[in-house]
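S.K.: When we follow our numbering, the leftmost residue of the sequence shown carries the number 477, and every step to the right adds one.
All residues carry an ideal CB built from backbone N, CA and C; glycine is no exception.
Predicted, not measured: the structure shown is a model, and the values here were computed from it.
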Amino acid sequence: MRQALVVVALLAGTVSALAQGQRFRYAEPIRPNAPYDGKFTFVRLRYGPPTQYAMQRIPWSHDYPTGERHFMQIMNEVTLLAPHIEETNIHALNDPELFRHPVAYMAEPGFWTLTETEAASFRAYLQKGGFVIFDDFAENRGGWGYFAAQMSHVLPEGRWVELDGTHPIFHSFFEIPAPEKFEPPYDRSFRPVYLGMFENNDPAKRLIAIANYNNDISEYWEFSDTGFAPVSDTNEAYKLGVNYIIYAMTH
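1. What are the partner residues of H567, as DSSP defines its beta bridges?
2. Just tell me which of R682, A625, K681, W620 has its CA closest to the CA of N688.
3. What are the boundary residues of the beta strand (DSSP E) that includes A580?
4. Looking at C-alpha atoms only, which residue of E594, A685, G514 is the closest neighbour of H560?
5. Can you confirm whether the region 691-700 touches the region 529-547 when touching is taken to mean that 3 or more C-beta pairs between the two stretches lie within less than 8 angstroms?
6. Do I722 and F649 come within 7 angstroms of each other at the CB atom, strictly closer than that value?
7. To the nearest angstrom, report how far apart R682 and G672 are at their CA atoms.
8. Within the continuous alpha helix (DSSP H) that includes F547, where are the two ends?
9. Quick one, which of A600, T517, Q603 has its alpha-carbon nearest L557's?
10. Relative to the C-alpha of P508, which residue among P535, E553, E563 is closest?
11. So what's F587 in DSSP terms, helix, strand or just coil?
12. In chain order, what residues of the same chain lie with their CB nearer than 8 angstroms to the CB of N719, ignoring the 5 residues before and after it?
13. Who are the near neighbours of Y622 in its chain, counting only those whose CB is closer than 7 angstroms to its CB and skipping five residues on each side?
14. If distances are taken between C-alpha atoms only, which option among E504, R522, E712 comes closest to K531?
15. Contact check, A685 vs V608 under 8 angstroms by CB: the rounded distance?
16. Would you identify the three-state DSSP class for N691, choosing helix, strand or coil?
17. Roughly how many angstroms separate the alpha carbons of K604 and F598, rounded to a whole number?
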């Protein structure tokens, strides 16, 4: 039943979009953040200076705001989380408001830059219970080495561990026994890799970060109403996202 429900919230509005088969969207104005009211809010992390528009040349803004809105529709349909759907937030790494939100998402971390102040604040966020999802980067878009170097400023002692289908995050809501078989939306010659960082580098403790390397699940979210990808692929992307949120909220 869960699997059948994953895309139901988006199917009603897809007929005209399917005919177009479009994958490209225009620049979107950055909307004001929703005032904190205790409800779950999707948080996107911003690196670099503020901007008034989300567009292709601003890596952290990729798939905003459509990707997260579609994803929150799904979270609302299949869970009891009751999140904000239209209202999504953007926070800098050193924004004190970030600490109000248990989960954060970063797009294109292969182009990530941060200051010492941002690194210290983000370190505190993760150590105090925050969870971060890194998505939308690959061998040909920033690469792992640069991303890992930036993350070492946040948690110098942190170590990345490759996660397979036995980790609880892949079973927190949906059963995803072989996440590595889920192909990326672009170059399918890339092998998707899921890497995690644990509290105190102890796999028995809380997972504080997950990186979808050689993949881009939010691309599937954003274009799930266009016919860009088969429903089966879109479902898998939503299932991963749901599992990440549920894991973070229960650990």
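M.R.: Taking the geometry as given:
1. Note: H567 sits in a beta bridge opposite L521.
2. Nearest option by C-alpha distance: W620.
3. From DSSP, the beta strand (DSSP E) with A580 extends over 579-583.
4. Selected option, being the one with the closest Cα: G514.
5. As far as the Cβ criterion goes, the region 529-547 touches the region 691-700, which means the pair count is three or higher.
6. Going by C-beta atoms, F649 is nearer than 7 angstroms to I722.
7. When only Cα atoms are considered, R682 and G672 end up about 10 angstroms apart.
8. Looking at the DSSP string, the run of the alpha helix (DSSP H) that includes F547 is 542-554.
9. It is T517 whose Cα lies nearest to the Cα of L557.
10. Nearest C-alpha to P508: E563.
11. In the structure shown, F587 adopts helical secondary structure according to DSSP, grouped into three states.
12. Cβ neighbours of N719 beyond the five flanking positions: I645, F646, H647, S648, F649, F650, I652.
13. G586.
14. One point to set straight first is that residue 531 is Met, not Lys, in the sequence displayed. For M531, the nearest C-alpha among the options comes from E504.
15. The C-beta separation of A685 from V608 comes to about 5 angstroms, placing the pair in contact by the 8 angstroms criterion.
16. Correct three-state label for N691: strand.
17. Spanning the two alpha carbons is a distance of roughly 10 angstroms.
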